[in-house]
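Chemist: Each residue of the sequence shown is one higher than the last, beginning at -13 in the working numbering.
Where is the CB? At the ideal position from N, CA and C, for every residue including glycine.
So that we are looking at the same thing, I have put the structure below in structure tokens.
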Amino acid sequence: MADSKFDDLLTKLGTGPWNWLYFLVASYWCLMVPPQFISGVYLAPAVNYTCRLPDNQTHHAVVAEDSCSYINTNSSDDGPGVEELCTEWDFDTSVFSSTLTSEFSLVCEQGYLRATYQIMYMLGTFISPVIGGYLADRFGRYVVVVVTQVVMLVTSLTVVFLNSFTAILAVRFISGFSNIITLYILAIEVCQPKHRAAVGILIGLPWALGTMAWAGAAFAIRDWRYLQLAVSLPILLIFPPLYFMDESPRWLIVRGRHDRALTILQKAARWNKATLPPISEMRTLMIDIQAESTENTSKTKDNNKVEAKKKKCRAVPVPNLLKNRAIATITTLVCLDYFVVSLVFDGLNMSGDIYSADPFLYLVLSGLVEVPGYSLTAPLIDRCGRKIPTVVCYLLCGVVMLALAFIPPDMSWLVMVLVLLGKLCISGAFQIITVYSSELFPTEGEKVPWLPSVIFGCVSVIAGATTMILRETKGVPLPDTITDLITQSHQTYIRTTDNDVDAALEITTEKQVASPLFKSEQDRTNEDGLGVTALGVANCDCGVPYTLIAAVGVADWACDVLDMAGRGVADLARDGPIMAE
């Protein structure tokens, strides 16, 4: 297998400064993302406000309970008065001196724009896996990493100087697009196989630190523009180490750029003080890897014109792919897992106003419990596998969140303990499902304060139960092709038939519809694609990785949009502050 051959090469390189550079840069990126990802918590929070009456109406108006309108009683007739909408408001500055909410009056009829601020970022993250995955395959991981970091820096700084909320929303959308996991993939692709699962999980630790740092920065800086500037400038520090990084050798080999790949591998050997096989053996190995990762390749030429091995990988149209019960079941369950884990994880991050009176302490503690949630999962899944720990994390989260519905409001300490326990469990589930899903597939309300807890608890219990349907992947060879997946599934928990296999591998020929993802074999041979998966494992470009990335992106985006939209509706329905006298 191509993957195993390259993994053998990584094993020879060992782990040293070269690998650590990629890991540390990816970790720093994870540290910088949370302030942008959940910026709405402190930049566009719910702020108490009162209607500011016109000067000539101060003594002749009664402000409505929601502070969105007032009754004008300054009239010559004896009628009940005329209701007029408020156009200006006075905002409470006891917590924040300036926010997007107060500066752009995102209240009353404009209150939905607070949720829109977060939704625009999620829209960007929705398209980033699809477009970013294609760009990373087409132009390389390193190029996409550099471009996205530049976009992230520019958009984060641009927001500080904009005076139009419409422009801020547009920039927010672009910023969301920069939230591509290509840097994470690059770090995984240069990691030794035995450390890959641990590295993939431990990279999440800086995310927890970034969450806590975001709360600390917001506590120290209460003006939204200065706060945004303070968390954006550190992004500059990621560029110096990027200068010393290189393209993924795995991607270069599959693309046929063997000379460049050889140069990078030799550099890695020097940094790690390792010894590589002779150059001639390395070139032969790279030719074999490329041949096994390229569709319908009869031979590949190098300076010695070595005959390449053949390994046919046929494009599988998505409708035919999903006709197979094994693949359709796994795809559906994994998408459900991502939907649930994102819903609960992001929902808890943005629910500080529900569970705590201190929004800063809440987010600090929320990030703090993520640390054991991430760090303990690495040895846990190594010892117990992926399936059972995932189920346990989901079920425990579901139980504690459901228990919140029965806790008296005056027992705030118990509420906080249960919420943090739920966050601990869902953080572990998030990290495990990231590794688990990549191994399952072939490498080719304020009015009802208990309602969020019940929703989070129910979906966690459901996810925990449905995960039991998936097969265990510990100690099982990873499938490299669709056929491998179907065969493994047939031997475990999903009964497949020959008709299932034929349907999944059916290829339309004479009436095949032209599509950028499903090109002719000749076109694909010329382009030598490399799919992007959650762990970045090289594979033939069968269209599966793009489909999975898109499906997971849709699930994650949809739950975030629903969560923010629901919070926007809740803000519109909430009781207003004290009426003006």
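1. Measuring straight from C-alpha to C-alpha, what distance separates residue 243 and residue 128?
2. Which residues does DSSP list as the beta-bridge partners of residue 77?
3. Please classify residue 149 as buried or exposed, where buried requires at least 16 neighbouring CB atoms within 10 angstroms.
4. Could you name each continuous alpha helix (DSSP H) segment of 4 residues or more that falls completely within the segment 341 to 428, going from the start of the chain to the end?
5. Measure the C-alpha to C-alpha separation of residue 203 and residue 346 and round it to an integer number of angstroms.
6. At which residues does the alpha helix (DSSP H) containing residue 201 begin and terminate?
7. Going by C-alpha to C-alpha distance, which of 94, 382, 257 and 401 sits closest to residue 390?
8. Would you check if the distance between the CB atom of residue 334 and the CB atom of residue 409 is smaller than 7 Å?
9. If you check the beta carbons only, do residue 166 and residue 118 fall under 7 Å apart?
10. Taking the alpha helix (DSSP H) that residue 89 belongs to, which residues open and close that run?
11. Measuring CA to CA, which of 112, 69, 53 and 108 is closest to residue 91?
12. Opposite residue 41 in the DSSP bridges: which residues?
13. Do you know whose CA, among 397, 164 and 330, lies nearest residue 381's CA?
14. Check this for me: beta carbons of residue 353 and residue 237, under 7 Å apart or not?
15. Within the same chain, show all residues whose beta-carbon is closer than 7 Å to that of residue 339, passing over the 5 residues directly before and after it, in chain order.
16. Spatial neighbours of residue 35 within its chain, please: C-beta separation below 8 Å, excluding the five flanking residues on both sides.
17. Tell me which residues share the same chain as residue 15 and place their Cβ nearer than 6 Å to its Cβ, disregarding the 5 neighbours each side in the sequence.
18. Taking buried to mean at least 16 other C-beta atoms within 10 Å of its own C-beta, is residue 245 buried or exposed?
19. Taking all protein chains shown into account, decide if residue 272 is buried (16 or more other Cβ within 10 angstroms of its Cβ) or exposed.
20. Pair every Cβ in the segment 14 to 29 with every Cβ in the segment 260 to 279, then say whether three or more of these pairs are closer than 8 Å.
21. I'd like the span of the beta strand (DSSP E) that includes residue 71, first residue to last.
22. Give me the DSSP bridge partner(s) of residue 49.
23. Which value, in whole angstroms, describes the spacing of the CA atoms of residue 387 and residue 195?
24. Using the rule of at least 16 other Cβ atoms within 10 Å of the residue's Cβ for burial, across every protein chain shown, is residue 124 buried or exposed?
25. Determine, using beta carbons only, whether residue 270 comes closer than 7 Å to chain B.
26. Residue 175 and residue 80 - do their beta-carbons sit closer together than 7 Å?
27. At the level of alpha carbons, what is the spacing between residue 266 and residue 137?
28. Please go through the same chain and pick out, in chain order, the residues whose beta-carbon is closer than 8 Å to the beta-carbon of residue 260, but skip the five residues on each side of it.
29. Taking only the alpha-carbon atoms, compute the straight-line gap between residue 5 and residue 371 and give it to the nearest angstrom.
30. Within its chain, find whatever has a CB closer than 8 Å to the CB of residue -9; leave out the 5 residues flanking it on each side and keep chain order.
31. Quick one: what's got a C-beta closer than 6 Å to residue 589's C-beta in the same chain, skipping five residues either side?
32. CB-CB under 6 Å to residue 38, same chain, minus the five flanking residues each way: which ones, in chain order?
33. Answer with buried or exposed for residue 227, where buried requires no fewer than 16 other C-beta atoms within 10 angstroms of its C-beta.
34. Excluding the five sequence neighbours on either side, which residues of its own chain have a C-beta within less than 6 Å of the C-beta of residue 121, listed in chain order?
35. Taking residue 349 and residue 201 to be in contact with their CB atoms under 8 Å, please state how far apart those CB atoms are, rounded to whole angstroms.
36. Which residue or residues does DSSP assign as beta-bridge partners of residue 209?
Modeler: Put simply:
1. If you number the sequence shown from 1, residue 243 lands on position 257. If you number the sequence shown from 1, residue 128 lands on position 142. CA-CA distance, residue 243 to residue 128, rounds to 14 Å.
2. Residue mapping note: residue 77 aligns to position 91 of the sequence shown, counting from 1. Under DSSP, residue 77 shares a beta bridge with 35.
3. In the sequence shown, counting from the first residue as 1, residue 149 sits at position 163. Exposed.
4. Unbroken alpha helix (DSSP H) stretches of 4 residues or longer found wholly inside the segment 341 to 428: 345 to 361, 363 to 370, 373 to 389 and 398 to 426, given in chain order.
5. As a first step, residue 203 is located in the sequence shown; it is residue number 217 there, counting from the start. As a first step, residue 346 is located in the sequence shown; it is residue number 360 there, counting from the start. The alpha-carbon atoms of residue 203 and residue 346 are separated by roughly 9 Å.
6. By one-based count along the sequence shown, residue 201 stands at place 215. Residues 191 to 206.
7. Start at 1 with the first residue of the sequence shown, and residue 390 comes out as number 404. The residue with the shortest Cα to Cα distance from residue 390 is 401.
8. Working through the sequence shown from its first residue, we reach residue 334 at position 348. Working through the sequence shown from its first residue, we reach residue 409 at position 423. At a Cβ-Cβ threshold of 7 Å, residue 334 and residue 409 count as neighbours.
9. Here residue 166 corresponds to residue number 180 of the sequence shown, with the count starting at 1. Here residue 118 corresponds to residue number 132 of the sequence shown, with the count starting at 1. Contact flag set, yes.
10. Reading the sequence shown from its first residue, position 103 is the one you call residue 89. For residue 89, the enclosing alpha helix (DSSP H) begins and ends at 86 to 89.
11. For the purposes of this step, residue 91 is identified with residue 105 of the sequence shown, where counting begins at 1. Nearest C-alpha to residue 91 among 112, 69, 53 and 108: 53.
12. Mapped onto the sequence shown, residue 41 falls at position 55. Answer by DSSP bridge pairing: none, since residue 41 is not bridged.
13. Along the sequence shown, read from residue 1 onward, the residue named residue 381 stands at position 395. Ranking the options by Cα distance to residue 381, first place goes to 330.
14. By one-based count along the sequence shown, residue 353 stands at place 367. By one-based count along the sequence shown, residue 237 stands at place 251. For residue 353 and residue 237, no; Cβs fall outside 7 Å.
15. The residue labelled residue 339 in the question sits at position 353 within the sequence shown. Taken in chain order, the residues that qualify are 32 and 345.
16. Indexing the sequence shown from 1 puts residue 35 at position 49. The answer, listed in chain order, is 53, 75, 76, 77, 78, 88, 93, 562 and 563.
17. One-based indexing of the sequence shown puts residue 15 at position 29. These residues qualify, in order along the chain: 169.
18. Counting from 1 along the sequence shown, the entry for residue 245 is found at position 259. By the beta-carbon neighbour count (other beta carbons within 10 angstroms, threshold 16), residue 245 is exposed.
19. Locating residue 272 in the sequence shown gives position 286, where the first residue counts as 1. Result: buried.
20. By the Cβ rule, the segment 14 to 29 does not count as touching the segment 260 to 279, because fewer than three pairs are nearer than 8 Å.
21. Looking up residue 71 in the sequence shown gives position 85. Run containing residue 71: 68 to 71, per the beta strand (DSSP E) assignment.
22. Here residue 49 refers to the residue found at position 63 of the sequence shown. In DSSP, residue 49 forms a bridge with 56.
23. Numbered from its first residue, the sequence shown carries residue 387 at position 401. Numbered from its first residue, the sequence shown carries residue 195 at position 209. Cα to Cα, residue 387 sits roughly 24 Å from residue 195.
24. The residue you call residue 124 lines up with position 138 of the sequence shown. Exposed, because fewer than 16 other Cβ atoms sit within 10 Å of the Cβ of residue 124.
25. You won't find chain B in this structure, because it holds only one protein chain.
26. Position 94 of the sequence shown holds residue 80. Position 189 of the sequence shown holds residue 175. It is not a contact, given that the beta carbons lie outside the stated cut-off.
27. Within the sequence shown, residue 266 is the residue found at index 280, counting from 1. Within the sequence shown, residue 137 is the residue found at index 151, counting from 1. Cα-Cα distance, rounded: 41 Å.
28. Here residue 260 is taken as the residue at index 274 of the sequence shown, counted from 1. If we look at residue 260 and ignore the five residues flanking it on each side, its Cβ neighbours are -2, -1, 0, 2 and 254.
29. Numbered from 1 along the sequence shown, position 19 holds the residue referred to as residue 5. Numbered from 1 along the sequence shown, position 385 holds the residue referred to as residue 371. For residue 5 and residue 371, the distance between alpha carbons rounds to 26 Å.
30. Within the sequence shown, numbered from 1, the residue matching residue -9 stands at position 5. Result list for residue -9: 271, 274, 275 and 278, in chain order.
31. Because the chain in this structure spans residues -13 to 567, residue 589 falls outside the shown range and cannot be described.
32. In the sequence shown, the residue the question calls residue 38 occupies position 52. Hits under 6 Å: 74, 75 and 76.
33. To locate residue 227, count along the sequence shown from 1; it is residue 241. By the 10 Å Cβ count, residue 227 comes out exposed.
34. Counted from its first residue, the sequence shown places residue 121 at position 135. Counting only Cβ-Cβ distances below 6 Å, and skipping sequence neighbours, we find 130.
35. By one-based count along the sequence shown, residue 349 stands at place 363. By one-based count along the sequence shown, residue 201 stands at place 215. Contact between residue 349 and residue 201 holds, since their C-beta atoms are separated by about 4 Å, short of 8 Å.
36. As a working mapping, residue 209 is identified with position 223 in the sequence shown. Checking the DSSP bridge columns, you'll see residue 209 partnered with 84.
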